[in-house]
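Take 5 as the starting number for the sequence shown in this note's numbering and just add one per residue. Yeah, the Cβ is synthetic: ideal placement off N, Cα and C, and Gly gets one too. Source: prediction; values computed, not measured. Structure first, commentary second.
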Amino acid sequence: MATHRRQLPEQLYPSCLTDTEWALVADLFESQGGRGVPPLHSRRTLLEACCYVVRTGCSWRMLPRDFPHWDNVYKTFRRWSAQGKFEQMHDRLRAQWREREERADSPSAAILDSQSTRSSPQGGDSGYDAGKKVKGRKRSLIVDTLGLLLAVSISAASVQDRDAADDAVAYSKEKYPSLSTLFVDSAYAGKWAQRTHQLHAIDVQVIRGPNNRRTGQWHSEQGDLFSVEPVQTGFVVMPKRWVVERTHAWNERARRLIMHHDRLFAVSEAWVWLAEARILARRLTT
């Protein structure tokens, strides 16, 4: 192999792409030809370096020497992030998986939820989520009924859930015009649900938890003791909403997503697209 096309052996690390996985997305990253000096490193090697970072959560400067120099990988990642390459990679694989599941490419129903995670002292906007007692950033996800990502929006954790979701809802409706139903929790009820229906013609359905989980004896107005039976104790699986919670759990397997290390929201969003794309690539080839 020519020295100007250095490439790692297949599956040097568990996060690396197999030949079959690379074949699914290679044309998105390979250059279309042209004049000039050939690149020093293959696009596949650079993508695998990005996959290593998102899976292990290591800092850029600690990237193993088996990969290209970290500065080269970082600049390539930022360029691909700005070009939307990781979102394109995910959308292609998502369409293939929905086709395998005999679903239409454009979904009609989706689920919305947010997750607040800590941020490192690297800088960038962050805030304190008083409800979840977390200082960092809020990740709003919209997924289809299979749990596959449709839109992601990053904001400071101090932003209310309903306000943080506006951009994700608008983007998902623009991207998927057939979207007509959105399942949410009680944080999005009320005026936000009405406004979303008026602006985007989306029917917002609020899935609420049990009204009563308490047990014990209570006094009636007449002073008599009576027992209160719980609706359900412990963890309660909520219809529809559990799908997006499972997606949150998938994302936490990628250690780069456990804590926010990047200054820009757009970069944090790119990591989510890449992590979800790797999950789909593995599914489609196993």
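Can you tell me whether residue i is helix, strand or coil according to DSSP?
i	result
His-264	strand
Asp-170	helix
Thr-290	coil
Asp-129	coil
Lys-177	helix
Arg-39	coil
His-94	helix
Ala-160	strand
Val-138	strand
Thr-24	helix
Ala-281	helix
Tyr-17	coil
Phe-269	helix
Met-66	helix
Leu-32	helix
Arg-104	helix
Asp-109	coil
Ala-274	helix
Ala-258	coil
Strictly by DSSP, which residues pair up with residue i?
i	result
Phe-187	Ile-115 and Gln-209
Leu-153	Val-147
Arg-122	Gly-140
Is it buried or exposed for residue i, if we count other Cβ within 10 angstroms and need 16 for buried?
i	result
Ala-169	buried
Arg-212	exposed
Ser-159	buried
Pro-125	exposed
Lys-2	Residue 2 lies beyond the residue range present for the chain, which begins at 5 and ends at 290; the question has no answer from this structure.
Leu-150	exposed
Leu-183	buried
Ala-114	buried
Gln-202	exposed
Ser-157	buried
Ser-35	exposed
Pro-18	exposed
Ser-85	buried
Gly-135	exposed
Ala-172	buried
Asp-207	exposed
Gln-221	Confidence at Gln-221 is low in this model, with a pLDDT of 44, below 50, so its placement is unreliable and the value that follows should be read with caution. With fewer than 16 other Cβ atoms within 10 Å, it is exposed.
Where residue i and residue j are concerned, what is the direct C-alpha to C-alpha distance, given to the nearest angstrom?
i	j	result
Glu-273	Pro-42	30 Å
Gly-131	Arg-286	35 Å
Thr-262	Glu-256	Before going further, note that residue 262 is Ile rather than Thr in the sequence given. Taking the straight line from one Cα to the other gives about 6 Å.
Leu-154	Phe-71	31 Å
Leu-288	Leu-152	13 Å
Arg-48	Asp-31	11 Å
Glu-52	His-265	20 Å
His-223	Ser-190	For His-223, the predicted model reports a pLDDT of 42, less than 50, meaning its position is unreliable; a value from the coordinates is still stated below. C-alpha separation (whole angstroms): 29 Å.
Gln-87	Ala-197	32 Å
Val-188	His-45	45 Å
Tyr-175	Phe-269	15 Å
Asp-109	Arg-65	39 Å
Leu-229	Ala-258	Unreliable positioning characterises Leu-229 in this predicted model, as indicated by a pLDDT of 46, which lies under 50. A coordinate reading is not provided.
Trp-254	Thr-60	14 Å
Thr-80	Arg-96	21 Å
Val-163	Gln-209	22 Å
Val-76	Trp-277	Before going further, note that residue 76 is Asn rather than Val in the sequence given. If I take the Cα positions, the gap works out to 21 Å.
Tyr-180	Pro-111	7 Å
Asp-133	Arg-166	13 Å
Ser-120	Thr-251	14 Å
Lys-142	Asp-129	11 Å
Arg-267	Ile-146	23 Å
Ala-27	Arg-245	34 Å
Glu-280	Glu-25	14 Å
Taking the alpha helix (DSSP H) that residue i falls in, what are its first and last residues?
i	result
His-1	Since the first residue of the chain shown is 5 and the last is 290, residue 1 is not available in this structure.
Tyr-56	47-60
Gln-87	74-87
Lys-195	195-204
With a cut-off of 8 Å, does the C-beta of residue i fall near any C-beta of chain D?
i	result
Trp-26	The structure shown contains no chain D; it is built from a single protein chain.
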